[in-house]
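J.: To start, I am sharing the structure in question, which I have written as structure tokens.
Below, the structure is given as structure tokens:
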């Protein structure tokens, strides 16, 4: 295998430095292989994320939205940092993983919007280090900007364009601050013919020459009709075109249709299914393998095309062109993973949270260009006439291994080549600023110096310390105990004093390291490091640990106590991590050792004791359903759970099993307003539960949810008032039903709200900061109702 200097350099930057990287390359340069090599070989603690479910499954990672728990609408600057309830959404395990991360790999970065990358930065700063971009973690971005672009709706861009020059990730605030090293992989593995490679490069750069266009369009044959054995696949721009071609060809076959049902277990989002849940196949159908063979024989790969020769209940036999042996394939399994921490080794581990097992074949007379990304074809019919997005023509052509294997249904002209000028500008800057070995050496040295400085950095101690002092002076009359004197010692003699000394030490370190020798191999640096560890550990114990242990605090003011406890716990946690790390580094500095110590410092705290489950005589099924309902309402309305109904009321509902609003009103804690707002949904829950209980004379058919009935009537053309009259429900209840379908796209907000009102309210809300729905309502005033606000917030989730 030929040497690949760009790939080798990229691997060294990942392992030996903390530089953030953007790894790009033309189609077929091995970017996915590079990702899997890092996962296999790197010792850094990492997670892999991708912008879509399918991309995440292919990268053997998780989606950006699920790992970082992002909203699906536009993410505005400081939106996550200013959301007070964000803390409750992250589990302790997730926070520990984030705090202990060395590396975040983002695959298919070309599809990541600028605001989403800034959202990642906001989360990482919140839980790891607020003073460093991406919280101080190294970020590796992999992708080709000349391929598929981010998706942004016009109404979303109208919000984002005031903050970003373009929708692409490189316009994000985080990227511009991240001092990114960009490396382009040059060696093309997919295509071998230089003439074809040159044509692809010209299309990629939006500079297709007349001569190249003439050569390319020699493949134009609008009347071409392949035979069954030819193995051609049509690449088209729109999903309905591909579906029509596949269904038409399948229907031409007289053989019996055999259906294969996927086996889905655990958590596996439908949007990320890699194949049809119910797959229809016939003998004679042209199909494509959509997964690499997991057996040792490696008989097929993702994108290999053949024709079905035999079907059984458990397997499918495929004959591929120019091969003697047929391939018999059974179900393959795709895994959905999440991340956790191994309690013994403290390593980040991948847990399988769900799986999808299905025959790894898809009808392959046609496929969309979008779904073809990452695949390789020997023979393809390309219909790029209706190219509608940046990079589509390039993606289609670059799937093919040779020019001879291409048939064009329409000629390739400049109209079919859509490239974004901003992408061209950025790509050119990447090509002109390629790093070399000297950049690597400088970055490796700086990485080691950064790690040493980090060990002696007390900047993060400053905020909780000053905040505790501030709380004390503002609430002296309600605070009892020994508080202010220990805190002043911690601040003045501990944190501030050590910050000054650390700054001087950092300058000394830079002077000592001003040689060709790396700091971890520099005897002068090592000698100074050992002495510094001893000094900082002694001073930390004397001026922070001991004074902190003397603090005694009590207050009758619950809000003050809560705020004080939060800052105290934060300071205590930082102190535990710092002392742990200093004690483990007394023998000298080694990069690998420190990275492990740093992670263990975060994870060394003891796990909290598990709460005992309270025994209950009530059936837990209904209680669980009611809790789920309360959770959904609380999230939708941004209100605390108790405002919907309390735990006591929940149990009372389980005991009483009310059948109507009158009975529900009799339950303690359910007043008229609550019954009016939530009564229908509570009663639906109770009825669904009671219908499933034994001793029924006749089995009940599945009950259609109340909201679905309202939606069906709305789709029939009934007005909201007409639906309310027919169903004998309030107008507010019908509005609540219908607005719940706004995020799914089944109902458009403009069907429920006038355009003028929507524009006015959208402008107000996007320029207002708030932590809850009630706070937002208070700020917008009486001109808009709670229902108006809920509708708008739902529409922003789309």
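Residue numbers (this note's numbering): 13 to 810.
Beta carbons are placed, not taken as given, at the ideal position from N, Cα and C, and that holds for glycine.
Owing to the predicted nature of the structure, the values given are computational and were not obtained by experimental measurement.
What did DSSP end up calling residue 248 once you bin it into helix, strand or coil?
T.: Against the chain shown, residue 248 aligns to sequence position 236. Strand at residue 248.
J.: List the residues that DSSP assigns as beta-bridge partners of residue 597.
T.: Locating residue 597 in the chain shown gives position 585, where the first residue counts as 1. For residue 597, which the question treats as bridged, DSSP gives no partner whatsoever.
J.: Mind the definition here: the segment 478 to 488 touches the segment 576 to 588 only if three or more C-beta pairs lie below 8 angstroms; say whether that holds.
T.: With the cut-off at 8 angstroms, the segment 478 to 488 and the segment 576 to 588 touch.
J.: Please check if any C-beta of chain B sits within less than 8 angstroms of the C-beta of residue 298.
T.: Protein chains in the displayed structure number just one, and chain B is not present.
J.: Write down every uninterrupted run of the alpha helix (DSSP H) in the segment 15 to 83 whose length is 4 residues or greater and which is fully enclosed by it, in chain order.
T.: If we require 4 residues or more, the alpha helix (DSSP H) runs fully inside the segment 15 to 83 come out as 17 to 28, 43 to 53, 65 to 70 and 76 to 80.
J.: Enumerate in chain order the residues of its own chain whose CB-to-CB distance from residue 591 is below 8 angstroms, with the five nearest sequence positions on each side excluded.
T.: Translated into the one-based positions of the chain shown, residue 591 becomes position 579. Cβ within range, chain order: 549, 552, 553 and 557.
J.: Measuring only the C-alpha atoms, how far is residue 360 from residue 81?
T.: Counted from its first residue, the chain shown places residue 360 at position 348. Counted from its first residue, the chain shown places residue 81 at position 69. Rounded to whole angstroms, residue 360 to residue 81 spans 18 angstroms at the Cα level.
J.: How is residue 153 classed by DSSP in three states: helix, strand or coil?
T.: As a working note, residue 153 is residue 141 in the chain shown. Strand, per DSSP.
J.: Closest to residue 445 by CA distance: which of 220, 540, 35 and 665 is it?
T.: If you number the chain shown from 1, residue 445 lands on position 433. Looking at the Cα atoms, 35 is the closest of the given residues.
J.: Taking C-beta to C-beta, are residue 342 and residue 329 nearer than 8 angstroms?
T.: The count along the chain shown starts at 1 and reaches residue 342 at position 330. The count along the chain shown starts at 1 and reaches residue 329 at position 317. No, the Cβ-Cβ distance between residue 342 and residue 329 is not below 8 angstroms.
J.: For a test of the three-state rule: what should DSSP assign to residue 580, helix, strand or coil?
T.: Sequence index remark: in the chain shown, residue 580 carries index 568 (1-based). Helix, per DSSP.
J.: Assign residue 84 to one of two classes, buried (16 or more other C-beta atoms within 10 Å of its C-beta) or exposed (fewer than that).
T.: Residue 84 sits at position 72 when you count from the first residue of the chain shown. Classification of residue 84: exposed, given that the 10 Å Cβ count is below 16.
J.: Figure out for me which residue from 139, 113 and 29 has the closest Cα to the Cα of residue 102.
T.: Here residue 102 refers to the residue found at position 90 of the chain shown. Looking at the Cα atoms, 139 is the closest of the given residues.
J.: How big is the Cα-Cα spacing for residue 780 and residue 130?
T.: If you number the chain shown from 1, residue 780 lands on position 768. If you number the chain shown from 1, residue 130 lands on position 118. Looking at the two C-alpha atoms, the distance is approximately 19 angstroms.
J.: What residue does the alpha helix (DSSP H) around residue 169 start on, and which one ends it?
T.: Residue numbering aside, residue 169 sits at position 157 when the chain shown is read from its first letter. Where residue 169 is concerned, the enclosing alpha helix (DSSP H) stretches over 166 to 172.
J.: Is the segment 640 to 649 in contact with the segment 606 to 615, if contact means three or more CB pairs nearer than 8 angstroms?
T.: In short, these stretches do not touch, since the Cβ pair count stays below three.
J.: Looking at residue 215 and residue 420, is the spacing between their C-beta atoms short of 8 angstroms?
T.: Along the chain shown, one-based indexing puts residue 420 at 408. Along the chain shown, one-based indexing puts residue 215 at 203. No. Outside cutoff.
J.: Kindly indicate which three-state DSSP category residue 758 falls into: helix, strand or coil?
T.: The count along the chain shown starts at 1 and reaches residue 758 at position 746. Residue 758 falls in the coil class under three-state DSSP.
J.: Could you tell me the alpha carbon to alpha carbon distance between residue 345 and residue 565, rounded to whole angstroms?
T.: The sequence position of residue 345 within the chain shown is 333, counting from 1. The sequence position of residue 565 within the chain shown is 553, counting from 1. One C-alpha to the other measures close to 56 angstroms.
J.: In the DSSP output, what is residue 293 paired with across the bridge?
T.: Taking the chain shown and counting its residues from 1, the one referred to as residue 293 is at position 281. Residue 293 is bridged to 270.
J.: Spatial neighbours of residue 520 within its chain, please: C-beta separation below 8 angstroms, excluding the five flanking residues on both sides.
T.: Reading the chain shown from its first residue, position 508 is the one you call residue 520. If we look at residue 520 and ignore the five residues flanking it on each side, its Cβ neighbours are 540.
J.: Pull up the distance between the alpha-carbon of residue 723 and that of residue 191, whole angstroms please.
T.: Numbered from its first residue, the chain shown carries residue 723 at position 711. Numbered from its first residue, the chain shown carries residue 191 at position 179. Roughly 51 angstroms separates the two Cα atoms.
J.: Residues in its own chain within less than 6 angstroms of residue 29 by CB, not counting five upstream and five downstream?
T.: By one-based count along the chain shown, residue 29 stands at place 17. Around residue 29: 455, 456 and 459.
J.: Check whether the segment 747 to 760 and the segment 134 to 150 touch, using three or more Cβ-Cβ pairs below 8 angstroms as the test.
T.: At 8 angstroms Cβ cutoff, the stretches do not touch.
J.: Run through the segment 200 to 264 for me and flag every whole beta strand (DSSP E) of 3 or more residues, listed as ranges in chain order.
T.: Those beta strand (DSSP E) runs which fall completely within the segment 200 to 264 and span 3+ residues are 245 to 248.
J.: DSSP three-state call for residue 85: helix, strand or coil?
T.: Locating residue 85 in the chain shown gives position 73, where the first residue counts as 1. Of the three classes helix, strand and coil, the one that applies to residue 85 here is coil, per DSSP.
J.: Who are the near neighbours of residue 221 in its chain, counting only those whose CB is closer than 7 angstroms to its CB and skipping five residues on each side?
T.: Position 209 of the chain shown holds residue 221. Answer for residue 221: 214, listed in chain order.
J.: For residue 674, report the span of its alpha helix (DSSP H) as first-last.
T.: Position 662 of the chain shown, counted from the start, is the residue given in the question as residue 674. Run containing residue 674: 673 to 677, per the alpha helix (DSSP H) assignment.
J.: Under the three-state reduction of DSSP, which class applies to residue 336: helix, strand or coil?
T.: Working through the chain shown from its first residue, we reach residue 336 at position 324. Correct three-state label for residue 336: coil.
J.: Which of helix, strand or coil does DSSP assign to residue 643?
T.: Taking the first residue of the chain shown as position 1, residue 643 is located at position 631. In the structure shown, residue 643 sits in a helix (DSSP, three-state: H, G or I).
J.: Can you grab the Cα-Cα spacing for the pair residue 679 / residue 669, in whole Å?
T.: Position 667 of the chain shown, counting from 1, holds the residue named residue 679. Position 657 of the chain shown, counting from 1, holds the residue named residue 669. Approximately 10 angstroms between the Cα atoms of the pair.
J.: Report the option in 302, 414, 588 and 434 whose CA atom is closest to the CA atom of residue 369.
T.: What you label residue 369 is simply residue 357 of the chain shown in a count that begins at 1. Residue 302 is the option with its Cα nearest to residue 369.
J.: Got a sec, what are the start and stop residues for the alpha helix (DSSP H) residue 716 sits in?
T.: By 1-based counting over the chain shown, the position of residue 716 is 704. From DSSP, residue 716 is part of no alpha helix (DSSP H); its letter is neither H nor E.
J.: Which residues mark the beginning and the end of the beta strand (DSSP E) in which residue 348 is found?
T.: Sequence index remark: in the chain shown, residue 348 carries index 336 (1-based). Note, residue 348: beta strand (DSSP E), 344 to 353.
J.: Tell me whether residue 133 is buried or exposed, calling it buried when 16 or more other Cβ atoms sit within 10 Å of its Cβ.
T.: Mapped onto the chain shown, residue 133 falls at position 121. By the 10 Å Cβ count, residue 133 comes out buried.
J.: With DSSP collapsed to three states, give me the class of residue 650.
T.: Residue 650 sits at position 638 when you count from the first residue of the chain shown. It is coil, neither helix nor strand.
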